[in-house]
Amino acid sequence: MASLYSISIPVIITTLTVTSDVLKKGGQHAQEKGIAISEYLNARLYEDMLPLTAQIRFLCSTARKAVERLTDVAPAEFDAEKQRDTLEDWLAVIDETLEILRAVDPEAVNGKEQTKVPCLLGPEKYEATLFDYVQGYPLPNMYFHLSIVYAILRAKGVPLGKADYLRPFLQGFTKV
């Protein structure tokens with residue numbers, strides 16, 4: 052049977068791992084084509100949307116906030132103001148966040164499914180059980196931002212396929 056831990060932390064880890072993998076492919080593509088990586092990092096799908104770097108920031112801050120809500124322990128603050136100019140800088144942020152996630156003890160999470168937590172969505176305040184919170188906020192939010200990272204890189208010509216996004220999520224699948 053699925054536990055609160057199993058439906059949250061491993062899925063968030065996979066989402067960040069996929070993000071890291073597609074970003075590395077983006078970096079390789081930029082290098083092969085002689086394109087400055089800043090073109091990709093500052094790219095937007097549309098002028099009124101936030102750039103790729105903001106998508107990475109939201110992925111990592113959402114993951115860290117989920118850890119805090121699930122464990123009642125705040126991980127190291129994500130310094131949104133710190134200057135990050137290179138792909139390596141952003142991959143390091145993802146790696147630091149992955150370390151935090153991998154350190155979460157399942158016993159610190161499991162059994163809290165019905166614990167109520169506050170949720171701020173923009174200016175609006177909500178409350179949800181941890182089970183509903185996980186299903187309704189961090190996971191869909193992270194899928195959204197990963198999709199935007201993927202779409203920005205595809206728009207820049209990075210040769211990504213659907214399998215680059217989905218295959219890592221198929222860990223429990225058995226080929227028959």
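Quick note: to get our numbering, add 51 to the position in the sequence shown (first position is 1). Virtual Cβ for every residue (Gly too), placed ideally from N, Cα, C. Remember, it's a predicted structure, so these values are computed and weren't measured experimentally.
Boundaries of the alpha helix (DSSP H) around residue 84: 60 to 84. Taking a 10 Å sphere around the C-beta of residue 66, we find 16 or more other C-beta atoms and assign the residue as buried. Rounded to the nearest angstrom, the Cβ distance from residue 145 to residue 111 is 6 Å, consistent with a contact under 8 Å. Going by DSSP, residue 169 is part of the beta strand (DSSP E) stretching over 167 to 172. The straight-line gap separating the alpha-carbon atoms of residue 179 and residue 160 is approximately 16 Å. For the beta strand (DSSP E) assignment, the uninterrupted runs of no fewer than 3 residues enclosed by the segment 140 to 196 are, from N- to C-terminal side, 167 to 172, 175 to 180.
Around the beta-carbon of residue 59, 16 or more other beta-carbon atoms lie within 10 Å, marking it buried.
Rounded to the nearest whole angstrom, the C-alpha separation of residue 184 and residue 208 is 35 Å.
The segment 67 to 78 and the segment 146 to 154 touch, with no fewer than 3 CB-CB distances between them shorter than 8 Å. CA-to-CA, the gap between residue 163 and residue 130 works out to about 29 Å.
Minimum Cα-Cα distance from residue 77 among the listed residues 125, 172, 124, 141 corresponds to 141. Minimum Cα-Cα distance from residue 97 among the listed residues 223, 220, 225, 206 corresponds to 206. Taking the Cα positions, residue 75 is about 21 Å away from residue 113. From the listed residues 199, 56, 62, the smallest Cα separation to residue 220 is found for 62.
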